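Q: If you're matching positions, the sequence shown starts at 3 in the working numbering and goes up one per residue. Ideal placement from N, C-alpha and C gives every residue a C-beta, glycine not left out. Keep in mind that this is a model prediction, so the values were computed, not measured. I'd like to ask some things about the structure below.
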Amino acid sequence: MKTTGNTILITGGSSGIGLGFAEEFLRLGNNVIICGRREDRLKEVQQEHPEIIIKACDVAKAAEREELAGWIKKNHPEINVLINNAGVQLHANINKNAELQKIQTEVDTNLIAPIHLSSLFIELLENKESAIINITSGLAFVPLAFMPVYCATKAALHSITLSLRHQLKHTSIKVFEIAPPAVDTELGHDTREDKAQSHGGISVEEFLKEAMEYISKDVYESAVGMAKGLKAKREEAFDMMNK
Ligand SMILES: NC(=O)c1ccc[n+]([C@@H]2O[C@H](COP(=O)([O-])OP(=O)(O)OC[C@H]3O[C@@H](n4cnc5c(N)ncnc54)[C@H](OP(=O)(O)O)[C@@H]3O)[C@@H](O)[C@H]2O)c1
């Protein structure tokens, strides 16, 4: 897809990968709208980038997703790219004491939200040069067993993306999937004792360099960095990763 002159909504654009995409697309001459739950974080980003448009929204809630779509339709009907990026990694257990609330939040945020938002935005994206970009994970292909629900949501989002691409093949909407490897962001910080610590991985800049290349070259399904190996050698990787 073209990487300039778009109007792009990025869910979860206030930190990590989403913020990286926001800054890169701004630099390339796009209008960028970001959303997230924490308004103070969105305002901090806007202070640094006054041209960015912000909208507080909890994508885990159906009513807020509908409100977001209505707000965009009214205020930014020119939108032509939706990046379903917002995600949480809550390490919900499925053993004896299944943590139902965490499971529900992970599934709502990582899976139901991108499905519902894609559906809500199709009428705004059709008949334009447009795209839906879903951010999955290398863990869509090989689960880390201590975060089973997170991995399952990403596997399901991979599957949904294949079907969505098929369903939209006769429209102008391109459907992308990008599966990041471990990237050094705030993801999963709720589960760490030291909230300032990250789970490591490549830098957002390194991730973006490869991801932007796939987007600009219309590579509709891509795994970045180490995620390539997980996609290619799933069964072998499971034992190695879950030792
Ligand atoms: N970092 C990695 O290693 C890695 C690897 C593979 C895939 N990914 C995927 O990449 C995406 C971005 O993650 P990240 O690593 O950049 O994590 P991050 O730094 O924690 O960023 C997550 C973003 O999503 C937002 N968000 C979370 N829940 C939300 C909700 N219910 N409604 C609206 N916004 C919400 C957060 O803002 P608020 O908290 O203010 O809502 C934040 O802006 C996720 O889908 C993640 O699964 C990351």
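Determine the DSSP secondary structure at I180, reduced to helix, strand or coil.
A: In this structure, I180 counts as strand in the three-state DSSP scheme.
Q: Given a cut-off of 8 Å, decide if A133 and K171 are closer than it, judged by their beta-carbon atoms.
A: no
Q: Check this for me: beta carbons of I54 and T187, under 8 Å apart or not?
A: no
Q: What residue ranges within the segment 53-80 form continuous beta strand (DSSP E) runs of no fewer than 3 residues, ordered along the chain?
A: 55-58
Q: Exposed or buried, which one is M149 when buried takes at least 16 other CB atoms within 10 Å?
A: buried
Q: Is R40 close to ligand 1? I mean its beta-carbon at under 7 Å from any heavy atom of the ligand.
A: yes
Q: Answer yes if the segment 92-100 comes into contact with the segment 52-66, meaning at least three C-beta pairs across the two stretches below 8 Å, and no otherwise.
A: no
Q: Looking at C-beta atoms only, is the number of pairs between the segment 219-239 and the segment 121-132 that lie closer than 8 Å three or more?
A: no
Q: Specify the secondary structure class of S200 as computed by DSSP and reduced to three states.
A: coil
Q: Please determine, among T111, L159, I36, the residue with the shortest C-alpha to C-alpha distance to V61.
A: T111
Q: What does DSSP give as the partner residue(s) for V34 in the beta ladder?
A: I10
Q: Cβ of D192 within 7 Å of any heavy atom in ligand 1?
A: no
Q: Within 10 angstroms of its Cβ, does Q91 collect 16 or more other Cβ (buried), or is it exposed?
A: buried
Q: Could you pull out every residue in the same chain whose Cβ sits closer than 6 Å to the Cβ of N33, ignoring the five residues on either side in sequence?
A: T9
Q: Could you check the C-alpha separation between N82 and N95 for me, to the nearest Å?
A: 38 Å
Q: Should L210 be listed as close to ligand 1, given that the test is whether its C-beta is under 7 Å from any heavy atom?
A: no
Q: With L84 as the anchor, note down where its beta strand (DSSP E) starts and where it stops.
A: Element bounds for L84: 83-86.
Q: Is V109 near ligand 2, going by C-beta to nearest heavy atom under 7 Å?
A: Looking at this structure, you won't find ligand 2 anywhere; what it does contain is ligand 1.
Q: Closest to G202 by C-alpha separation, out of V185, C153, F27, would be which residue?
A: V185
Q: Checking the sheet assignment: what are the DSSP bridge partners for V151?
A: In DSSP, V151 forms no bridge with anything.
Q: So is the beta-carbon of E188 under 7 Å away from any non-hydrogen atom of ligand 1?
A: True, at least one ligand heavy atom lies under 7 Å from that Cβ.
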